[in-house]
Ligand SMILES: Cc1cc2nc3c(=O)[nH]c(=O)nc-3n(C[C@H](O)[C@H](O)[C@H](O)COP(=O)(O)OP(=O)(O)OC[C@H]3O[C@@H](n4cnc5c(N)ncnc54)[C@H](O)[C@@H]3O)c2cc1C
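In full-length UniProt numbering, the protein residues as written are 1 to 405.
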């Protein structure tokens with residue numbers, strides 16, 4: 001816990017992937033870095049997520065191409081596959097033990113999904129991303145024992161990790177480079193100005209720059225960020241160990257899988273051969289009373305063969321949604337930088353964000369500006385009504401998922 005006064009070059013608020021990735025890139029470039037974490041390293045989404053390394057953004061590059069100019073779209077498109085590479089570089093360089101596995105499958109539940117995956121492959125190939133294979137109905141059965149899929153897309157540069165171990169390994173790397181992480185040290189106030197100061201309950205950090213990386217757990221620390229984003233909860237369950245034989249029947253190549261629904265299901269095996277299965281969203285980030293009752297039926301719909309398997313763990317975590325589902329990135333004044341709101345698929349983007357923020361602090365802001373110039377709008381209804389409005393939107397998309405269009 002931070003007590004007293006500290007002076008540093010960069011004060012990072014939040015020790016999730018965004019904060020840790022920023023800290024690592026900055027330390028590697030000679031900055032002094034102090035990280036403040038309200039709870040513990042990886043307490044937020046970064047320590048609780050499904051562990052799926054998914055390329056691109058929560059809205060794909062075709063949507064970006066339609067909403068921004070060609071030069072900005074080109075830059076963002078080129079960056080869409082960098083986060084996964086950064087994770088692999090980090091794991092190799094700092095010897096992080098996080099059960100990294102290659103291979104992620106997008107599974108199609110109907111022919112419309114399949115058409116979407118065919119265009120996604122063409123789109124990604126246009127940006128030089130080629131480790132992709134379309135799977136027909138026979139081929140997808142070879143990689144996942146679920147009868148509901150009509151096909152899929154295999155991305156060999158996708159994959160999965162143990163999320164908390166990745167965050168802990170990155171935190172250890174930060175400390176090995178001389179960075180300091182104060183846990184149980186929430187930033188409670190930012191004194192803005194030419195020499196900003198971040199206050200905690202029992203201390204303060206004087207810095208040249210501040211990076212705000214609190215994402216869905218930030219609350220109202222930076223009020224201008226809150227209106228254009230909304231914390232949402234999503235839940236995960238983990239089975240008892242399945243044993244090698246059953247695990248290999250379900251996912252013979254140990255790929256992770258997510259389906260193509262708007263409210264999607266996603267799952268993978270853990271290193272001790274449990275199935276970790278996530279799905280569903282709670283708008284407004286309330287904690288559901290019985291997570292197993294919500295998620296287990298989804299798991300059994302995909303894998304009825306698991307009906308007698310016990311659920312050992314269940315948890316919820318918050319991610320941050322924006323209206324466009326694209327990340328909210330920018331600068332307040334000259335010295336407060338932020339990146340948040342990647343709206344679901346954040347494991348890869350947050351690692352890229354750290355690099356892009358560090359580049360901006362070093363004076364190379366071209367890639368940062370490509371993100372910062374993305375338009376963002378407040379949720380309709382303001383803070384009071386944004387939750388029911390977004391839930392209504394999700395209900396509509398959920399219905400479309402059920403009806404298969
Ligand atoms: C259950 C779940 C499953 C998911 N599954 C996947 C998946 O499989 N694949 C994928 O790509 N994405 C997934 N995501 C999304 C992904 O995990 C997130 O996008 C990503 O981890 C966000 O990282 P972050 O560092 O920006 O935020 P977080 O990891 O939430 O970190 C923010 C940190 O800031 C701290 N903090 C907040 N306010 C303050 C303050 N005032 N002072 C100090 N510290 C503060 C918090 O305590 C927290 O530790 C999932 C998310 C959840 C919740």
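A virtual CB, placed ideally from N, CA and C, is assigned to each residue, including glycine.
Collapsed DSSP secondary structure at residue 101 in the structure displayed: The answer is strand: DSSP assigns residue 101 an E or B state.
Within the same chain, show all residues whose beta-carbon is closer than 6 Å to that of residue 360, passing over the 5 residues directly before and after it, in chain order. Only 368 meet the Cβ criterion.
Touching by the beta-carbon criterion (3+ pairs, under 8 Å), the region 28–44 and the region 331–346: Verdict: no, contact absent.
Three or more C-beta pairs below 8 Å linking the region 44–60 and the region 248–258: Enough Cβ pairs lie closer than 8 Å, so yes.
Quick check on the burial criterion: 16 or more other C-beta atoms within 10 angstroms. Buried or exposed for residue 204? Residue 204 should be labelled buried.
With 16 as the cutoff for other CB atoms within 10 Å, does residue 230 come out buried or exposed? So residue 230 ends up on the buried side.
Is residue 288 helix, strand or coil by DSSP? If DSSP states are grouped into helix, strand and coil, residue 288 belongs with coil.
For residue 2, is the classification buried or exposed, using 16 other Cβ atoms within 10 angstroms of its Cβ as the cut-off for buried? It is buried - the Cβ of residue 2 has at least 16 other Cβ atoms within 10 Å.
Can you check DSSP and say which residues form a bridge with residue 319? According to DSSP, residue pairing for residue 319 in a beta bridge involves 232.
Using the beta-carbon count (16 or more within 10 Å), is residue 170 buried or exposed? Answer is buried; the Cβ neighbour count reaches 16.
Completely contained alpha helix (DSSP H) runs for the region 173–231, where each covers 4 or more residues: Taking only runs of at least 4 residues, the alpha helix (DSSP H) segments lying wholly in the region 173–231 are 223–226.
Residue 161 versus residue 96 - alpha carbon distance: Cα-Cα distance, rounded: 10 Å.
Can you find the residues in the same chain that come closer than 8 Å, C-beta to C-beta, to residue 222, ignoring five residues on each side of it along the sequence? If the five residues before and after residue 222 are omitted, its C-beta is found closer than 8 Å to the C-beta atoms of 190, 212, 332, 336 and 338, all from its own chain and listed in chain order.
Taking DSSP as the reference, what is the three-state secondary structure of residue 106? Correct three-state label for residue 106: strand.
Runs of alpha helix (DSSP H) wholly within the region 229–284 (minimum 4 residues, chain order): If only complete runs of 4 or more residues are kept, the region 229–284 shows the alpha helix (DSSP H) at 244–250, in order along the chain.
How big is the Cα-Cα spacing for residue 200 and residue 185? In this structure, the alpha-carbon of residue 200 lies about 6 Å from that of residue 185.
Is it true that the CB of residue 10 sits closer than 7 Å to the CB of residue 33? Their beta carbons are under 7 Å apart, which means residue 33 touches residue 10 by this criterion.
Find out if the Cβ-Cβ distance for the pair residue 379, residue 45 is shorter than 7 Å. Their beta carbons are not under 7 Å apart, which means residue 379 does not touch residue 45 by this criterion.
Residue 160, enclosing beta strand (DSSP E) - first and last residue: For residue 160, the enclosing beta strand (DSSP E) covers residues 151–160.
Straight-line gap, residue 348 to residue 167 (C-alpha atoms, nearest Å): Distance between the alpha carbons of residue 348 and residue 167 is about 13 Å.
Between the region 265–275 and the region 109–117, can you find at least three pairs of beta-carbon atoms closer than 8 Å? With the cut-off at 8 Å, the region 109–117 and the region 265–275 do not touch.
Within 8 Å, do at least three Cβ pairs link the region 268–275 to the region 234–246? By the criterion of at least three beta-carbon pairs nearer than 8 Å, the region 234–246 is in contact with the region 268–275.
Does residue 12 pass the burial test, meaning 16 or more other C-beta atoms within 10 Å, or should it be called exposed? By the 10 Å Cβ count, residue 12 comes out buried.
Which residue's Cα is closest to the Cα of residue 321: 217, 353, 304 and 352? Here the closest residue by C-alpha is 217.
Report the option in 362, 326 and 356 whose CA atom is closest to the CA atom of residue 375. In this structure, 326 is the residue among 362, 326 and 356 with its C-alpha nearest to the C-alpha of residue 375.
Could you check if residue 337 belongs to the surroundings of ligand 1, using beta carbon to heavy atom distance under 6 Å? For ligand 1, no non-hydrogen atom lies closer than 6 Å to the CB of residue 337.
How is residue 71 classed by DSSP in three states: helix, strand or coil? Residue 71: helix per DSSP, three-state reduction.
Quick check: residue 441 and residue 151, are their CB atoms within less than 7 Å of each other? This structure does not reach residue 441, given that the chain is present from 1 up to 405, and the question cannot be answered.
Going by C-alpha distance, which of 100, 47, 124 and 92 is nearest residue 73? Residue 124 is the option with its Cα nearest to residue 73.
Can you tell which of 139, 106, 181 and 248 has its C-alpha closest to the C-alpha of residue 159? Minimum Cα distance to residue 159 is reached at 106.
Can residue 155 and residue 104 be called in contact, C-beta distance under 7 Å? It is a contact, given that the beta carbons lie within the stated cut-off.
How about residue 22: is its Cβ closer than 6 Å to a heavy atom in ligand 1? The nearest non-hydrogen atom of ligand 1 is 6 Å or more from the C-beta of residue 22.
Spatially closest choice to residue 232 from 288, 195 and 251, by CA coordinates: For the residues 288, 195 and 251, the minimum Cα distance to residue 232 belongs to 288.
Closest residue to residue 129 among 81, 60 and 19 (Cα-Cα distance): Out of 81, 60 and 19, the CA that lies nearest to the CA of residue 129 is found in 81.
Take the Cβ of residue 405 as the centre, count every other Cβ of all protein chains shown within 10 Å, and call the residue buried at 16 or more, exposed below. Note that residue 405 has pLDDT 48, beneath the 50 cutoff, so the model's placement of it is unreliable and the number below is only indicative. Answer is exposed; the Cβ neighbour count stays below 16.
By a C-beta neighbour count over all protein chains shown, 10 Å radius and 16 as the cutoff for buried, is residue 302 buried or exposed? Burial call: buried.
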